[in-house]
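Undergrad: First the structure, then my questions, so here it is.
Protein chains: 2
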Amino acid sequence: MPRRPTEKLLEVAKSGTRRQRFSSGSTRRALIAAGEELFTAQGYAGTSLDAVVARAEVTKGALYHHFSGKQALFESVFESVEERAKVRILEALRTDTDPFDRARHGLRAFLEEVRDPAYSRVVVQQGPAVLGWERFREREEASAFGIVLEAVRGVLESSLTELDDAMVETFSRIFFGAMTSAGESVSQAEDQALAAARVESAIGFILTGLATLSEQGLHVPDPYDLARADGPEAQPE
Amino acid sequence: MPRRPTEKLLEVAKSGTRRQRFSSGSTRRALIAAGEELFTAQGYAGTSLDAVVARAEVTKGALYHHFSGKQALFESVFESVEERAKVRILEALRTDTDPFDRARHGLRAFLEEVRDPAYSRVVVQQGPAVLGWERFREREEASAFGIVLEAVRGVLESSLTELDDAMVETFSRIFFGAMTSAGESVSQAEDQALAAARVESAIGFILTGLATLSEQGLHVPDPYDLARADGPEAQPE
DNA sequence: GGGAGTACGTACTGGCGGTATGACAGTGCC
DNA sequence: GGCACTGTCATACCGCCAGTACGTACTCCC
Numbered sequence: 025m026p027r028r029p030t031e032k033l034l035e036v037a038k039s040g041t042r043r044q045r046f047s048s049g050s051t052r053r054a055l056i057a058a059g060e061e062l063f064t065a066q067g068y069a070g071t072s073l074d075a076v077v078a079r080a081e082v083t084k085g086a087l088y089h090h091f092s093g094k095q096a097l098f099e100s101v102f103e104s105v106e107e108r109a110k111v112r113i114l115e116a117l118r119t120d121t122d123p124f125d126r127a128r129h130g131l132r133a134f135l136e137e138v139r140d141p142a143y144s145r146v147v148v149q150q151g152p153a154v155l156g157w158e159r160f161r162e163r164e165e166a167s168a169f170g171i172v173l174e175a176v177r178g179v180l181e182s183s184l185t186e187l188d189d190a191m192v193e194t195f196s197r198i199f200f201g202a203m204t205s206a207g208e209s210v211s212q213a214e215d216q217a218l219a220a221a222r223v224e225s226a227i228g229f230i231l232t233g234l235a236t237l238s239e240q241g242l243h244v245p246d247p248y249d250l251a252r253a254d255g256p257e258a259q260p261e
Numbered sequence: 025m026p027r028r029p030t031e032k033l034l035e036v037a038k039s040g041t042r043r044q045r046f047s048s049g050s051t052r053r054a055l056i057a058a059g060e061e062l063f064t065a066q067g068y069a070g071t072s073l074d075a076v077v078a079r080a081e082v083t084k085g086a087l088y089h090h091f092s093g094k095q096a097l098f099e100s101v102f103e104s105v106e107e108r109a110k111v112r113i114l115e116a117l118r119t120d121t122d123p124f125d126r127a128r129h130g131l132r133a134f135l136e137e138v139r140d141p142a143y144s145r146v147v148v149q150q151g152p153a154v155l156g157w158e159r160f161r162e163r164e165e166a167s168a169f170g171i172v173l174e175a176v177r178g179v180l181e182s183s184l185t186e187l188d189d190a191m192v193e194t195f196s197r198i199f200f201g202a203m204t205s206a207g208e209s210v211s212q213a214e215d216q217a218l219a220a221a222r223v224e225s226a227i228g229f230i231l232t233g234l235a236t237l238s239e240q241g242l243h244v245p246d247p248y249d250l251a252r253a254d255g256p257e258a259q260p261e
């Protein structure tokens with residue numbers, strides 16, 4: 025929240041009205057930082073580009089030099105926030121090798137991350153609507169969802185070996201949605217630590233159930249059978 | 025600058041193209057219907073109120089007479105779409121009494137519903153961003169999430185009797201998020217029926233796991249213990 | 001030293017959400 | 001049957017804001 029006055033900006037400010045154009049990267053970073061703050065605090069629609077450039081202490085000319093428009097700026101902010109989260113989560117489970125440990129610690133780290141207002145608002149809430157679901161999904165694929173996919177694959181393959189990729193992806197989508205939704209409710213809770221513990225407890229229990237079933241030799245029902253079993257009257261539309 | 029009106033207004037009035045103002049409800053419904061179509065096809069930000077009133081064959085005056093603004097119109101569209109979905113889902117499990125049947129058939133009906141573009145775009149994708157997460161959550165509480173809550177409560181209480189309300193809510197949030205996310209990916213899949221069958225299979229397996237665990241006398245770990253176990257260094261922020 | 005390229009700054013435009021105000025058809029009252 | 005009143009619109013206008021056009025300072029390179 026307290027803005028850092030970023031070295032040369034002050035020099036320029038006092039030296040003259042015009043911002044000098046040494047490192048182009050610092051301007052870009054200032055715009056992304058300003059965008060993150062404002063998009064987080066006021067949402068995408070509630071943030072004007074004039075406000076962004078004012079906070080970054082540049083002008084619209086600079087913004088449109090670095091980004092093709094508002095949406096592109098948002099996308100860069102989105103990527104920045106996601107990358108930060110990804111690094112922190114991967115760091116949290118860097119030393120784990122057991123699939124269940126990785127899943128458990130990854131879940132815990134994710135629940136920490138989703139409590140960051142920037143991640144919650146920019147990625148979870150605004151992301152799908154601003155980028156469109158498809159583009160959002162592509163971006164997530166390389167980031168948080170990708171981590172979940174690997175964790176789920178690890179857990180399932182350590183027990184339910186017969187699952188194909190599509191089914192692993194389905195399970196991952198399910199867990200990812202569960203974590204996102206639950207995480208969002210954690211970030212809104214009055215006692216966040218307790219809410220997070222509830223989520224960890226519930227998801228942990230679910231994972232235990234999966235492991236137990238597979239120990240008993242049960243397997244996931246074949247979706248092809250399901251689709252045929254009561255799909256005859258389904259309209260082909 | 026005072027207005028200089030009146031000439032063209034008379035023309036319009038005599039020409040008969042002007043919508044008469046008997047039933048106010050029909051105008052309102054026309055606006056909601058037009059809004060649903062456009063919000064579904066082009067999103068909230070991509071839809072101008074001029075486009076909405078043009079499609080509804082009224083003017084902005086009529087829109088602002090019935091709604092306080094664009095957001096309020098969206099909210100009415102949102103409610104309308106949700107109510108329709110809720111009715112259909114409840115209808116689908118009207119005759120079921122067994123908790124597992126209700127859960128299974130409810131899931132199936134929900135997966136049908138989320139494939140409706142209006143539900144997918146207006147409720148799932150745009151809803152949280154436009155209404156804000158908190159308001160979105162309130163609205164959902166009385167609708168789809170409420171149904172899930174009842175279904176999950178039924179399943180859990182039939183087996184895991186010691187769960188308190190907060191834990192039931194946590195499980196519900198988890199399943200609701202799972203269903204929403206999975207449903208969204210179903211609606212994007214090339215073979216929707218197969219994707220839906222995969223989701224049903226996976227979630228059904230998870231439910232079976234929960235039931236099996238409780239038969240073995242295992243119970244959900246107490247979140248209070250978890251919170252204390254590794255919560256001491258959590259920053260109070 | 002001048003032309004090309006970079007990194008901006010400034011002024012303007014068009015579209016769109018929102019508002020102010022008027023028009024007009026019932027409806028009840030006398 | 002006239003008249004006030006209210007509910008239901010219609011029209012013109014305003015301000016904000018994303019995006020554009022164009023100018024400009026500074027650097028690099030030949």
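One line per chain: the protein sequences are U and X, in this order. All residue numbers in the first sequence are consecutive under my numbering, ending with 261. All residue numbers in the second sequence are consecutive under my numbering, ending with 261. Ideal Cβ placement from N, Cα and C applies to all residues, glycine included.
Could you name the residues of the same chain whose beta carbon sits closer than 7 Å to that of residue 73/X, not counting the 5 residues immediately before and after it, in chain order?
TA: Here residue 73/X refers to the residue found at position 49 when the second sequence is read from its first residue. Cβ neighbours of residue 73/X beyond the five flanking positions: 84, 87, 94.
Undergrad: Which same chain residues end up closer than 7 Å to residue 137/U when comparing Cβ atoms and leaving out the 5 residues on each side of it in sequence?
TA: Counting from 1 along the first sequence, the entry for residue 137/U is found at position 113. For residue 137/U, where only same-chain residues beyond five positions count, the Cβ hits under 7 Å are 109, 112, 113, 143.
Undergrad: Anything in chain X within Cβ reach of residue 228/U, meaning under 7 Å, just list it in chain order.
TA: The residue you call residue 228/U lines up with position 204 of the first sequence. 245, listed in chain order.
Undergrad: In chain X, what lies closer than 7 Å to residue 183/U by C-beta?
TA: In the first sequence, the residue the question calls residue 183/U occupies position 159. Going along chain X, no residue has its Cβ under 7 Å from residue 183/U, so there is no contact; the nearest lies around 11 Å.
Undergrad: Sorted by chain position, which residues of the same chain lie with C-beta nearer than 8 Å to residue 64/U's C-beta, five sequence neighbours on each side aside?
TA: In the first sequence, the residue the question calls residue 64/U occupies position 40. Cβ neighbours of residue 64/U beyond the five flanking positions: 141, 142, 145, 146.
Undergrad: Between residue 198/U and chain X, is there a C-beta pair that is closer than 8 Å?
TA: Numbered from 1 along the first sequence, position 174 holds the residue referred to as residue 198/U. Chain X contact via Cβ: present.
Undergrad: If we define contact as Cβ-Cβ less than 8 Å, is residue 71/U a contact residue for chain X?
TA: For this step, residue 71/U is matched to residue 47 along the first sequence. No - not a single Cβ of chain X is within 8 Å of the one on residue 71/U.
Undergrad: What residue ranges within the region 155-229 of chain U form continuous beta strand (DSSP E) runs of no fewer than 3 residues, ordered along the chain?
TA: Fully enclosed beta strand (DSSP E) runs of 3 or longer: not present.
Undergrad: Would you decide whether residue 211/X is buried or exposed? Buried here means 16 or more other CB atoms lie within 10 Å of its CB.
TA: As a first step, residue 211/X must be located in the second sequence, where it is residue number 187. When all chains shown are included, residue 211/X counts as buried.
Undergrad: Closest Cβ-Cβ distance between residue 150/U and chain X: below 8 Å?
TA: As a working note, residue 150/U is residue 126 in the first sequence. Yes, contact with chain X.
Undergrad: Determine whether the beta carbon atoms of residue 153/X and residue 150/U lie at a separation below 8 Å.
TA: As a first step, residue 153/X must be located in the second sequence, where it is residue number 129. As a first step, residue 150/U must be located in the first sequence, where it is residue number 126. Cβ atoms of residue 153/X and residue 150/U: closer than 8 Å.
Undergrad: Distance check for residue 134/U and residue 181/U, CA to CA, integer angstroms please.
TA: Working through the first sequence from its first residue, we reach residue 181/U at position 157. Working through the first sequence from its first residue, we reach residue 134/U at position 110. Rounded to whole angstroms, residue 181/U to residue 134/U spans 22 Å at the Cα level.
Undergrad: Show which residues of chain X have a CB atom less than 7 Å away from the CB atom of residue 179/U.
TA: Here residue 179/U is taken as the residue at index 155 of the first sequence, counted from 1. Within chain X, no residue comes near residue 179/U; the closest Cβ sits about 12 Å away, beyond 7 Å.
Undergrad: Report yes or no: is there a C-beta of chain U within less than 8 Å of the C-beta of residue 195/X?
TA: Position 171 of the second sequence, counting from 1, holds the residue named residue 195/X. Yes, contact with chain U.
Undergrad: Indicate whether at least one CB of chain X lies closer than 8 Å to the CB of residue 201/U.
TA: Position 177 of the first sequence holds residue 201/U. Interface residue, yes.
Undergrad: Just to confirm before moving on: does the CB-CB distance between residue 100/X and residue 91/X stay below 8 Å?
TA: Counted from its first residue, the second sequence places residue 100/X at position 76. Counted from its first residue, the second sequence places residue 91/X at position 67. It is a contact, given that the beta carbons lie within the stated cut-off.
Undergrad: Residues in the same chain with beta-carbon distance under 6 Å from residue 173/U, minus the five sequence neighbours each way, listed in chain order, please.
TA: Taking the first residue of the first sequence as position 1, residue 173/U is located at position 149. Correct list, in chain order: 196.
Undergrad: List the residues of chain U whose Cβ lies closer than 9 Å to the Cβ of residue 153/X, in chain order.
TA: Within the second sequence, the letter at position 129 stands for residue 153/X. Per Cβ cutoff of 9 Å: 67, 68, 69, 149, 150, 151, 152, 153, 154.
Undergrad: Strictly under 8 Å for the Cβ-Cβ distance: is residue 234/U near chain X by that measure?
TA: As a first step, residue 234/U must be located in the first sequence, where it is residue number 210. Chain X contact via Cβ: present.
Undergrad: I'd like the list of long-range same chain contacts for residue 175/X, defined as Cβ closer than 7 Å, with 5 residues on each side in sequence excluded.
TA: Taking the first residue of the second sequence as position 1, residue 175/X is located at position 151. Result list for residue 175/X: 126, 127, 130, in chain order.
Undergrad: Hey, is residue 53/U's beta-carbon within less than 8 Å of any beta-carbon in chain X?
TA: Taking the first residue of the first sequence as position 1, residue 53/U is located at position 29. Residue 53/U does not count as touching chain X.
Undergrad: Starting from residue 146/U, find everything on chain X with Cβ-Cβ shorter than 8 Å and list it in chain order.
TA: Numbered from 1 along the first sequence, position 122 holds the residue referred to as residue 146/U. Neighbours of residue 146/U on chain X: none; closest Cβ ~11 Å, over 8 Å.
Undergrad: Quick check: the region 231-242 of chain U against the region 201-217 of chain U, are at least 3 beta-carbon pairs closer than 8 Å?
TA: No, the region 201-217 of chain U is not in contact with the region 231-242 of chain U.
Undergrad: Please decide whether residue 223/X counts as near chain U, where near means a Cβ-Cβ distance under 8 Å.
TA: For the purposes of this step, residue 223/X is taken as residue 199 along the second sequence, with counting starting at 1. Chain U, which has a Cβ nearer than 8 Å to the Cβ of residue 223/X, makes this yes.
Undergrad: Is residue 79/U helix, strand or coil when you go by DSSP?
TA: Taking the first residue of the first sequence as position 1, residue 79/U is located at position 55. It is helical.
Undergrad: Return the CA-CA distance between residue 37/U and residue 191/U, expressed in angstroms with no decimal places.
TA: By one-based count along the first sequence, residue 37/U stands at place 13. By one-based count along the first sequence, residue 191/U stands at place 167. Bear in mind that the predicted position of residue 37/U carries a pLDDT of just 36, short of 50, making it too unreliable to give a figure here.
Undergrad: Residues of chain X with CB closer than 7 Å to the CB of residue 92/U, please, in chain order.
TA: As a position in the first sequence, residue 92/U is number 68, starting the count at 1. Result: empty, since nearest Cβ-Cβ is about 17 Å, beyond 7 Å.
Undergrad: Assuming residue 117/X and residue 55/X form a contact by the criterion Cβ under 8 Å, report the distance between their Cβ atoms to the nearest whole angstrom.
TA: For the purposes of this step, residue 117/X is identified with residue 93 of the second sequence, where counting begins at 1. For the purposes of this step, residue 55/X is identified with residue 31 of the second sequence, where counting begins at 1. Not confirmed; about 32 Å, so no contact.
Undergrad: Note the first and the last residue of the continuous alpha helix (DSSP H) segment covering residue 97/U.
TA: On the first sequence, position 73 is the one that residue 97/U refers to. Residue 97/U -> alpha helix (DSSP H) spans 94-116.
Undergrad: For residue 161/X, which residues of its own chain have a beta-carbon under 8 Å away from its beta-carbon, when the five flanking residues on both sides are left out?
TA: The residue labelled residue 161/X in the question sits at position 137 within the second sequence. Taken in chain order, the residues that qualify are 169.
Undergrad: With respect to the alpha helix (DSSP H) encompassing residue 129/U, which residues constitute its N-terminal and C-terminal limits?
TA: As a working mapping, residue 129/U is identified with position 105 in the first sequence. Segment 123-137, the alpha helix (DSSP H) holding residue 129/U.
Undergrad: What do you reckon, are the CB atoms on residue 76/X and residue 59/X nearer than 8 Å?
TA: Start at 1 with the first residue of the second sequence, and residue 76/X comes out as number 52. Start at 1 with the first residue of the second sequence, and residue 59/X comes out as number 35. Going by C-beta atoms, residue 76/X is nearer than 8 Å to residue 59/X.
Undergrad: Please name the residue in 78/X, 179/X, 69/X whose C-alpha comes closest to that of residue 273/X.
TA: There is simply no residue 273/X to check, as chain X begins at 25 and stops at 261 in what is shown.
Undergrad: Report the CB separation of residue 187/X from residue 244/X in whole angstroms; it is logged as a contact under 8 Å.
TA: In the second sequence, residue 187/X corresponds to position 163, counting from 1. In the second sequence, residue 244/X corresponds to position 220, counting from 1. Right, the Cβ-Cβ distance comes to about 7 Å (below 8 Å), so this counts as a contact.
Undergrad: Just to check, is the beta-carbon of residue 77/X closer than 7 Å to a non-hydrogen atom of the ligand ADP?
TA: Looking for the ligand ADP in the displayed structure turns up nothing, as the structure carries no ligands at all.
Undergrad: Given a threshold of 16 other Cβ atoms within 10 Å of its Cβ, counted over all protein chains shown, does residue 164/U qualify as buried or as exposed?
TA: Residue 164/U sits at position 140 when you count from the first residue of the first sequence. Answer is buried; the Cβ neighbour count reaches 16.
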